[in-house]
Amino acid sequence: MRNYLSVLAGVFLLSACGSEPVEIYQQSSKNIIKAPAELVSLQKITIGPPNIRRMWSFKIEYIARENAIVKVGDTLISFDGQSLRNDLLGRKSDLDAATKEAEQGKLNNEARLKDLLLSLAEAKMNEDKTRRKVEITDASRSKIERQKQQADHKIATQTHLQARNRVAQHKEEMSVNEKVQQARIDNRAVRVKELEDSIDKLTIKSPKDGMVIYLNWNDEKPAVGDTVYMGATLMTLPSLDNISVKVEFDESHTAKVNIGQQVKVTLDAYPESPFNGKISEIGKAFRNKSQRNLKVVFDAWVTLDEMDTSIMRPGMKATVELSQGSV
-10 MRNYLSVLAG VFLLSACGSE PVEIYQQSSK NIIKAPAELV SLQKITIGPP NIRRMWSFKI
50 EYIARENAIV KVGDTLISFD GQSLRNDLLG RKSDLDAATK EAEQGKLNNE ARLKDLLLSL
110 AEAKMNEDKT RRKVEITDAS RSKIERQKQQ ADHKIATQTH LQARNRVAQH KEEMSVNEKV
170 QQARIDNRAV RVKELEDSID KLTIKSPKDG MVIYLNWNDE KPAVGDTVYM GATLMTLPSL
230 DNISVKVEFD ESHTAKVNIG QQVKVTLDAY PESPFNGKIS EIGKAFRNKS QRNLKVVFDA
290 WVTLDEMDTS IMRPGMKATV ELSQGSV
């Protein structure tokens, strides 16, 4: 009988000891707040159609795969540029025509100047010749002959002056014409360069490393063949090395969430590898969870102690666990 009581007391004691950790576990579970979260990039670049003169619609020829990891210089998106290329051919033709016209005009002006210089030299020679005749003093010449020589000299002087004026005028015209022709060439060259730059803009390269995230428009994502319009945002390029965790807490947890609190972050895709972090920011505004779910929530942000960029991607879903009273 005594042995029976001893065994019974031992069983009772073991049962009492075994229930204690269950009680503690239930108590600790009540002190843990779990909230849905998402990885977000703190730095991102928006990508859309380029700003091109007189071009408002763009047809997508190529677009990088969504969620693709890209490096600096990789092509993100390219648009159809056939109309610009056709316009470029015409503008280059105009530029070539203006250049050839200027070259031909210069040759003609130089030939004309050469003729005028020859006429000037001849007029000067005639003036010198008639002046020498006038300067000769010969008593045997009659008065009428001397008057004729003086008249010839006056005519030769005027002819020389006119020839000199024609040369000066032609040189001035040449200078003006060359400036006009050069301005015409420059204008056409600027337009050609503008079109070449516009065609280059139709291929958008990645300005930095990141991941391609499409944006939805009316529940549709951009695709090859789509026509989009200037000002639209087609994708974002979030940075992979500056990631934070955006948490969505219930309104009832407002007084329980504080900056500096330690949290555990578990990625849905990698539940076996939790991360530690701290509440770094708490949103000031409350909002409805969604248009259909009117539950009131507020946002907070977690800064991770360590990051694993080999597995972490913006948009990943996670769960944040916060122990009440932990700082």
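First residue of the sequence shown? That's -10 in this note's numbering, and the numbers climb one at a time after it.
Glycine is no exception: its CB is placed at the ideal position from the N, C-alpha and C atoms.
The structure presented is a predicted model; accordingly, all values stated were derived computationally and were not measured.
Query: Val254 classed as buried or exposed, judged by whether at least 16 other C-beta atoms fall within 10 angstroms; Result: buried
Query: Unbroken alpha helix (DSSP H) run spanning Glu209, endpoints; Result: No alpha helix (DSSP H) holds Glu209; DSSP gives it neither H nor E.
Query: Cut-off 8 Å between Cβ atoms - residues of its own chain near Asp257, not counting five sequence neighbours on either side; Result: Met305, Lys306, Ala307 and Thr308
Query: Nearest residue (CA-CA) to Ala152, options Lys194, Arg101 and Asn166; Result: Arg101
Query: Collapsed DSSP secondary structure at Thr222 in the structure displayed; Result: coil
Query: Pairwise C-alpha distance: Asn265 and Asn20; Result: 18 Å
Query: Backbone CA spacing between Arg120 and Glu111 [nearest angstrom]; Result: 14 Å
Query: Beta-carbon gap between Val61 and Lys197 smaller than 8 Å; Result: yes
Query: Sufficient close CB pairs (3 or more, under 8 Å) joining the segment 38 to 48 to the segment 212 to 219; Result: yes
Query: Cβ shell of Ile66 (< 6 Å), same chain only, five flanking positions each side left out; Result: Ile52 and Ile193
Query: Gln93 versus Ser82: straight-line alpha-carbon distance, rounded; Result: 16 Å
Query: Nonlocal neighbours in the same chain, by C-beta distance under 8 Å from Asn26, ignoring five residues either side; Result: Before going further, note that residue 26 is Ala rather than Asn in the sequence given. For Ala26, where only same-chain residues beyond five positions count, the Cβ hits under 8 Å are Val234, Lys235, Val236, Glu237, Val254, Val291, Lys306, Ala307, Thr308 and Val309.
Query: Sheet register partners of Leu311 (DSSP bridge); Result: Ile22 and Val252
Query: Ile248 vs Ile232 beta-carbon contact at 8 Å; Result: no
Query: Ser195 burial status per 10 Å Cβ neighbour count (16 or more: buried); Result: buried
Query: Where Arg276 falls: helix, strand or coil (DSSP); Result: strand
Query: Leu293 versus Arg276 - alpha carbon distance; Result: 25 Å
Query: Counterpart residues of Met44 in DSSP-defined beta bridges; Result: Ile41
Query: 7 Å CB neighbourhood of Lys33 in its chain, flanking five on each side removed; Result: Thr225, Leu226, Pro227 and Ser228
Query: Residues bridged to Thr192 [DSSP beta-bridge criterion]; Result: Ser67
Query: Span of the beta strand (DSSP E) around Val201; Result: Segment: none, Val201 is in no beta strand (DSSP E) and carries neither H nor E.
Query: Given Arg74 as reference, the closest of Arg173, Val201, Lys182 and Asp297 once Cα atoms are compared; Result: Lys182
Query: Length of the line joining the Cα atoms of Ala86 and Glu161; Result: 24 Å
Query: Those residues which DSSP pairs with Ile271 across a bridge; Result: Ala289
Query: N-terminal and C-terminal residue of the beta strand (DSSP E) that Ser233 is part of; Result: Ile232 to Asp239
Query: Beta-carbon gap between Ile49 and Asp215 smaller than 8 Å; Result: yes
Query: Nearest-angstrom Cα separation, counted from Val169 out to Gln147; Result: 33 Å
Query: Residue span of the beta strand (DSSP E) that contains Thr243, given as start and end; Result: Careful: Thr243 lies outside any beta strand (DSSP E) and carries neither H nor E.
Query: Per DSSP, cross-strand counterpart(s) of Lys182; Result: Answer is none; Lys182 lacks a bridge partner.
Query: The beta strand (DSSP E) enclosing Thr35, as first and last residue numbers; Result: Lys33 to Ile36
Query: Own chain residues within Cβ distance below 7 Å of Gln16, not counting five before or after; Result: Low per-residue confidence applies at Gln16: pLDDT is 38, beneath 50, and the placement is therefore not dependable enough to give any value.
Query: Three-state class that DSSP yields for Thr298 in the structure shown; Result: coil
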